[in-house]
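FYI, the working numbering numbers position 363 of the sequence shown as 384, with every residue one higher than the one before it.
First the structure, in the form of structure tokens, and then the observations on it.
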Amino acid sequence: MENACGSRLVAAVDTSTDMLAVAVARLTAGEEGLSAELLATGDHLCRRHANVELIGTLDAALAEAGASISDVDALLVGRGPGSFTGVRIGISTAKGLARGANVPLFGVSTLDASAWTAWQGGVRGLLGVAADAMRGEVYPALYRLSDAGVERLFDRERVVKAADAVAVWAAREDAAELQLTGDGLKRYGRLFDEAGLTRRVGEELWHPTGFSLVLVACAPHLAPQSSVAAACAPQAPHLGAHSSGMAQRHIPSSFGPTCGTWDAQEARAGGKRADVPSVAEPVESLRYLGDGDPATVLPIYTRLSDAEENERKRLGRAASAQSAVTGVADELAGRHLQFRPMGAADAEAASALEATCFAGTGHAAWSPAQFLSELGDEAAVPRSWWVAHDDGELVGIAGGMVVEHDVQILDVAVSPERRRQGIARRLLAQVSYDAQMLGCTTASLEVEDGNAAAIALYEELGFSQAGRRRNYYGQGADALVMTAPLPLVLPVDAASPEPTAAAHRAWPLPVPQRTDEERAELARLAPVLAIESSCDETAVAIIDTDGRLLANKVSTQIDFHARFGGVVPEIASRKHVEVIVGVVDEALEEAAETLGLAGGALAPSELAAVGVTQGPGLVGALVVGVAFAKGFAYAAGKPLITVNHLEGHLYANLLAEPTLEPPFIFTLVSGGHTMLVHVRAWGDYQVLGETLDDAVGEAFDKVAKALGLGYPGGPIISRLAEEGDPKAIDFPRAMMHSHDYRFSLSGLKTAVVTYIEQETAAGKTIHLPDLAASFEAAVFDVQFKKAWDALKETGAREYCLGGGVAANPHLRRMLTEKLGRRGVRVTLPPQNACTDNAAMIAEVARRKFSEGDFAGFDVDADPNMTL
Numbered sequence: 022m023e024n025a026c027g028s029r030l031v032a033a034v035d036t037s038t039d040m041l042a043v044a045v046a047r048l049t050a051g052e053e054g055l056s057a058e059l060l061a062t063g064d065h066l067c068r069r070h071a072n073v074e075l076i077g078t079l080d081a082a083l084a085e086a087g088a089s090i091s092d093v094d095a096l097l098v099g100r101g102p103g104s105f106t107g108v109r110i111g112i113s114t115a116k117g118l119a120r121g122a123n124v125p126l127f128g129v130s131t132l133d134a135s136a137w138t139a140w141q142g143g144v145r146g147l148l149g150v151a152a153d154a155m156r157g158e159v160y161p162a163l164y165r166l167s168d169a170g171v172e173r174l175f176d177r178e179r180v181v182k183a184a185d186a187v188a189v190w191a192a193r194e195d196a197a198e199l200q201l202t203g204d205g206l207k208r209y210g211r212l213f214d215e216a217g218l219t220r221r222v223g224e225e226l227w228h229p230t231g232f233s234l235v236l237v238a239c240a241p242h243l244a245p246q247s248s249v250a251a252a253c254a255p256q257a258p259h260l261g262a263h264s265s266g267m268a269q270r271h272i273p274s275s276f277g278p279t280c281g282t283w284d285a286q287e288a289r290a291g292g293k294r295a296d297v298p299s300v301a302e303p304v305e306s307l308r309y310l311g312d313g314d315p316a317t318v319l320p321i322y323t324r325l326s327d328a329e330e331n332e333r334k335r336l337g338r339a340a341s342a343q344s345a346v347t348g349v350a351d352e353l354a355g356r357h358l359q360f361r362p363m364g365a366a367d368a369e370a371a372s373a374l375e376a377t378c379f380a381g382t383g384h385a386a387w388s389p390a391q392f393l394s395e396l397g398d399e400a401a402v403p404r405s406w407w408v409a410h411d412d413g414e415l416v417g418i419a420g421g422m423v424v425e426h427d428v429q430i431l432d433v434a435v436s437p438e439r440r441r442q443g444i445a446r447r448l449l450a451q452v453s454y455d456a457q458m459l460g461c462t463t464a465s466l467e468v469e470d471g472n473a474a475a476i477a478l479y480e481e482l483g484f485s486q487a488g489r490r491r492n493y494y495g496q497g498a499d500a501l502v503m504t505a506p507l508p509l510v511l512p513v514d515a516a517s518p519e520p521t522a523a524a525h526r527a528w529p530l531p532v533p534q535r536t537d538e539e540r541a542e543l544a545r546l547a548p549v550l551a552i553e554s555s556c557d558e559t560a561v562a563i564i565d566t567d568g569r570l571l572a573n574k575v576s577t578q579i580d581f582h583a584r585f586g587g588v589v590p591e592i593a594s595r596k597h598v599e600v601i602v603g604v605v606d607e608a609l610e611e612a613a614e615t616l617g618l619a620g621g622a623l624a625p626s627e628l629a630a631v632g633v634t635q636g637p638g639l640v641g642a643l644v645v646g647v648a649f650a651k652g653f654a655y656a657a658g659k660p661l662i663t664v665n666h667l668e669g670h671l672y673a674n675l676l677a678e679p680t681l682e683p684p685f686i687f688t689l690v691s692g693g694h695t696m697l698v699h700v701r702a703w704g705d706y707q708v709l710g711e712t713l714d715d716a717v718g719e720a721f722d723k724v725a726k727a728l729g730l731g732y733p734g735g736p737i738i739s740r741l742a743e744e745g746d747p748k749a750i751d752f753p754r755a756m757m758h759s760h761d762y763r764f765s766l767s768g769l770k771t772a773v774v775t776y777i778e779q780e781t782a783a784g785k786t787i788h789l790p791d792l793a794a795s796f797e798a799a800v801f802d803v804q805f806k807k808a809w810d811a812l813k814e815t816g817a818r819e820y821c822l823g824g825g826v827a828a829n830p831h832l833r834r835m836l837t838e839k840l841g842r843r844g845v846r847v848t849l850p851p852q853n854a855c856t857d858n859a860a861m862i863a864e865v866a867r868r869k870f871s872e873g874d875f876a877g878f879d880v881d882a883d884p885n886m887t888l
């Protein structure tokens, strides 16, 4: 919303803490710089209900400001650090809002916002923000507050034990001057008091506010005073009066976005100035924070996930290289090259690889001891080291260390015979991804001048020459210093969705061009977009009113979870946040191509509704999809439809047989659920029985893990069973004759493990195909028996299957043949609609749309939803 003075309307949201922070403000460019005028606020304490209240709070604030979401010119969001779930609710909602409204989104640190809250409250001097990180930890941050504004006294956000933060701050010479703020004081205030750090700001100033987010965005982060250009000496912001009587702040041009700062990392890399745009256009002045593309806004991470940290510790204690090899067994998975973090057992092989790769050059190979020192807990700064291996042989390594906001690449080496296979690129992708999770925004490295192949690779990844070190590798052998912004320019690959600068585009996107006939046809087709994020797949599909699938996109995370032997909820949630905008964009583009629209991808405004999986599933994963969908639908002015994931698996059968009608019996066999259902009518379901313990897919994964076959187990066991004898081993058929419809698979899993142990102890070789086929037969015999009993009892003459295990060819063939011989019509979902996908969610959403079955914007994820 622009007026004659060049002002713009911005909305700011943050859910990183227990304070749900929302503000609507007007930014105006003037001779003195940016003026930020608060029009409305919705700040309030909201513990664990942010996903329920955020959209409603924003809507109320916009109404108070006399505006609507369509009037907003830019969005701001707190990136954390803070509660993992809280941060992702705010960022996912903001991404949805920005994508739905097609406006820029910029992220800011909530620690900075907390400091500006204190500044607004009149606090001046040395300020310590101790934000609660749970688990006995805080996010500590020091600032210097003056009338000129807020100056950061630290390089990047970190997480430390609360006791350690107290010790460091108490040891400062100026500790007596330190004033404390932050919600960490509620939990750890006693520790600070005992150390003599007793000065507090008012508790009403302990949280970020919506307007403090605006102030952070308007004033570029000040570097330490010594590194700020002299011409940029800050002037004092001042209050300005206006008719509403609400707060207003002017950010002077010498302090705000026309000033710029001297960035220490860029200075070290090549002496470039970190310029920021002019304040002539308020929204453009915020682009020093990023390009405005919602796809590129990510949380501020201060650590890797617990699973990743534990993995690194485990690898550090590994007894042999083989024990550290993870992922699917090569001979079974049909793929050889594997990537994983470096472990202590890799040190000798890594040193030998270096010696081979750098023979005859001026570079001295690292010793095993040097590699071990990189992996130890005593390393002064965070490190990330990755290896590539094939059949247990180390074929590539790469590593780097984090210094402030830069990851310095220390080593990249690939076996000569394995070069030009993309190995170095994949290794650097892993290292740079870790670095981004630790707050890095740039990467730097050194390469020998004349190494044309390496230089070409680095340039493709976005590196450029920033300097030269004479005789670095010996007399006459110079090193080129190269730097790159993160993320690197990596291939856009849904199967390995690291953030990549290759997806960079101008934002906002151009408005699609349509003829009157195209607009009328889109209105008739009423396309519905659906989002699925219940586990480890980020999926988006678009379906029209006739049931035609216009788009179906999936971004898988299997590679990220395989080395852990199962899905890691924290990683799953993180990856959804990273890729959800990109997957939505791909679906909108594919739908336009399917419809033959040459004027650009579908716009959110051209959709009829937005559907999303509400549950069941992993709560952190569901939250991302639900929050994004709510923001997206609200901003686009479209109704929201929530879908039961289990019902989606049922409706997947309609993708194969649109004429399917109840009554029928439905078996759900997936990684998390096993149940038998009597479908009496659409929406009328009688659950006849469920598993008492493991689900079918879970049992497959556990057996595969016991055999050392990797994750996911279903496809591996299925491939093995093709060559096996299902009668070779007589495994138990649990509850096959229980005269009810319940299932139990834990006993079968135990029987398989016992068999493996007994055969191994006897020195016998286990014939894997026979074991796999016999295990499958034991599972599937029970599934058939229960299904046939249910069909006879209910009188239904149709049967359907759903869930990831429904893709198993042996199960599909057995049920089709055996039930078909008994006069039962069997409908099976398409192979690509068995595992988690959005096509099945879209089919449910389409039907709900036709019935006017919509959800409110106060809906939340329901991880325990039942059918």
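Cβ atoms here follow ideal geometry from the backbone N, Cα and C, with glycine treated the same way.
For S167, does the three-state DSSP call read helix, strand or coil? Start at 1 with the first residue of the sequence shown, and residue 167 comes out as number 146. Looking at S167 - three-state DSSP - the assignment turns out to be strand.
Are there 16 or more other CB atoms within 10 angstroms of the CB of L66, so buried, or fewer, so exposed? Locating residue 66 in the sequence shown gives position 45, counting from the first residue. By the 10 Å Cβ count, L66 comes out exposed.
Does the segment 147-155 touch the segment 54-70, meaning 3 or more C-beta pairs lie closer than 8 Å? no
Does the Cβ of N573 have 16 or more other Cβ atoms within 10 Å, making it buried, or fewer, making it exposed? Residue mapping note: residue 573 aligns to position 552 of the sequence shown, counting from 1. Flag for N573 reads buried.
Between the alpha carbons of V424 and R100, how many angstroms are there, rounded? Translated into positions along the sequence shown, residue 424 becomes position 403. Translated into positions along the sequence shown, residue 100 becomes position 79. C-alpha separation (whole angstroms): 21 Å.
Scan the segment 119-206 and note each continuous alpha helix (DSSP H) run of 4 residues or more that stays entirely inside, going in chain order. 131-141, 183-191
Using DSSP's beta-bridge definition, name the partner residues of R208. Here residue 208 corresponds to residue number 187 of the sequence shown, with the count starting at 1. Partner(s): none; R208 has no beta bridge.
Just to confirm my understanding: we take S388, look at its own chain, exclude 5 residues before and 5 after, and list those with CB closer than 8 Å. What are they? Residue numbering aside, residue 388 sits at position 367 when the sequence shown is read from its first letter. Within the same chain, S388 has close Cβ partners S372.
Rounded to whole angstroms, what's the CA-CA distance from S453 to A505? Just pull it up for me. Counted from its first residue, the sequence shown places residue 453 at position 432. Counted from its first residue, the sequence shown places residue 505 at position 484. Using only the alpha carbons, I get a separation of about 11 Å.
Assuming V159 and V181 make a contact with CB atoms under 8 Å, what is their CB distance in whole Å? Here the question's residue 159 lines up with position 138 in the sequence shown. Here the question's residue 181 lines up with position 160 in the sequence shown. About 7 Å separates the two Cβ atoms, so the contact holds.
Straight-line gap, G734 to D705 (C-alpha atoms, nearest Å): What you label residue 734 is simply residue 713 of the sequence shown in a count that begins at 1. What you label residue 705 is simply residue 684 of the sequence shown in a count that begins at 1. Looking at the two C-alpha atoms, the distance is approximately 33 Å.
Relative to the alpha-carbon of T62, which residue among L55, A81, K770, A50 has its alpha-carbon at the smallest distance? To locate residue 62, count along the sequence shown from 1; it is residue 41. The option with the nearest alpha carbon to T62 is A81.
Nearest candidate by alpha-carbon position, reference R763, set L709, P362, K723, I564: As a working mapping, residue 763 is identified with position 742 in the sequence shown. Cα-wise, what sits closest to R763 is L709.
Same chain, Cβ closer than 7 Å to S167, five either side skipped, listed in chain order: Numbered from its first residue, the sequence shown carries residue 167 at position 146. So the list reads R145, once near-sequence residues are dropped.
Looking only at its chain, what residues have a beta carbon closer than 7 Å to the beta carbon of F175, apart from the 5 residues adjacent to it on each side? Counted from its first residue, the sequence shown places residue 175 at position 154. So the list reads A162, L163, once near-sequence residues are dropped.
Pop quiz: C461 and L507 are said to be a contact at Cβ under 8 Å. What is the actual Cβ separation, rounded to whole angstroms? Counted from its first residue, the sequence shown places residue 461 at position 440. Counted from its first residue, the sequence shown places residue 507 at position 486. 6 Å between Cβ atoms; contact.
Compare the C-alpha of D881 against each of V187, E711, N123, V640 and name the closest. The residue you call residue 881 lines up with position 860 of the sequence shown. Nearest of V187, E711, N123, V640 to D881, Cα basis: V640.
What is the DSSP secondary structure of L30, reduced to helix, strand or coil? Residue numbering aside, residue 30 sits at position 9 when the sequence shown is read from its first letter. Correct three-state label for L30: strand.
Three-way DSSP call (helix, strand, coil) for T712 in this model: Here residue 712 refers to the residue found at position 691 when the sequence shown is read from its first residue. Residue state, collapsed to three classes: strand.
Under 8 Å, with one C-beta from each stretch per pair, do the segment 587-600 and the segment 626-637 reach the 3-pair mark? no
Here's the rule I'm using: 16 or more other beta-carbon atoms within 10 Å means buried, otherwise exposed. How should H760 be labelled? To locate residue 760, count along the sequence shown from 1; it is residue 739. Counting of Cβ neighbours within 10 angstroms places H760 among the exposed residues, the total staying below 16.
Taking 8 Å as the limit between beta carbons, can you name the residues of its chain near M886, skipping five residues before and five after? As a first step, residue 886 is located in the sequence shown; it is residue number 865 there, counting from the start. Here the set comprises Q635, G636, P637, N665, H666, L667.
So G421 is in the beta strand (DSSP E); what residue range does that whole segment cover? One-based indexing of the sequence shown puts residue 421 at position 400. Its beta strand (DSSP E) spans residues 414-424.
Specify the secondary structure class of L689 as computed by DSSP and reduced to three states. What you label residue 689 is simply residue 668 of the sequence shown in a count that begins at 1. DSSP places L689 within a strand segment (E or B) once states are collapsed to three.
Quick one: Cα of S113 to Cα of V304, how far? The residue you call residue 113 lines up with position 92 of the sequence shown. The residue you call residue 304 lines up with position 283 of the sequence shown. So the alpha carbons of these two residues sit roughly 21 Å apart.
Looking at the unbroken alpha helix (DSSP H) that takes in V602, where does it start and where does it end? One-based indexing of the sequence shown puts residue 602 at position 581. Unbroken alpha helix (DSSP H) run through V602: 590-615.
Span of the beta strand (DSSP E) holding Y820? Here the question's residue 820 lines up with position 799 in the sequence shown. Element bounds for Y820: 819-823.
For M155, count neighbouring C-beta atoms within 10 Å of its own C-beta (all shown protein chains included) and say buried if the count is 16 or more, exposed if not. To locate residue 155, count along the sequence shown from 1; it is residue 134. Per the 10 Å Cβ criterion, exposed.
Quick one: using the 10 Å Cβ neighbour count with 16 as the cut-off for buried, is R404 buried or exposed? As a first step, residue 404 is located in the sequence shown; it is residue number 383 there, counting from the start. R404 comes out buried.
Identified DSSP bridge partners for W407: Position 386 of the sequence shown holds residue 407. W407 is bridged to P362, A419.
Starting from H666, trace the alpha helix (DSSP H) in both directions and tell me its first and last residue. If you number the sequence shown from 1, residue 666 lands on position 645. From DSSP, the alpha helix (DSSP H) with H666 extends over 666-677.
Name the one or two DSSP bridge partners that M696 has. Looking up residue 696 in the sequence shown gives position 675. According to DSSP, which records beta bridges pairwise, M696 is partnered with L689, E711.
Whose C-alpha, out of R842, R208, F213, is nearest the C-alpha of Q200? Position 179 of the sequence shown, counted from the first residue, corresponds to residue 200. Comparing Cα-Cα distances from Q200 to each of R842, R208, F213, the minimum goes to F213.
Between A134 and S233, is the Cβ-Cβ spacing less than 8 Å? The sequence position of residue 134 within the sequence shown is 113, counting from 1. The sequence position of residue 233 within the sequence shown is 212, counting from 1. Yes, the Cβ-Cβ distance between A134 and S233 is below 8 Å.
Please classify P531: is it buried, with 16 or more other beta-carbons within 10 angstroms of its beta-carbon, or exposed? Indexing the sequence shown from 1 puts residue 531 at position 510. Looking at its Cβ environment, which holds fewer than 16 other Cβ atoms inside 10 Å, P531 is exposed.
Does any CB atom of chain D fall closer than 8 Å to the CB of E425? Any reference to chain D falls outside this structure, which holds one protein chain only.
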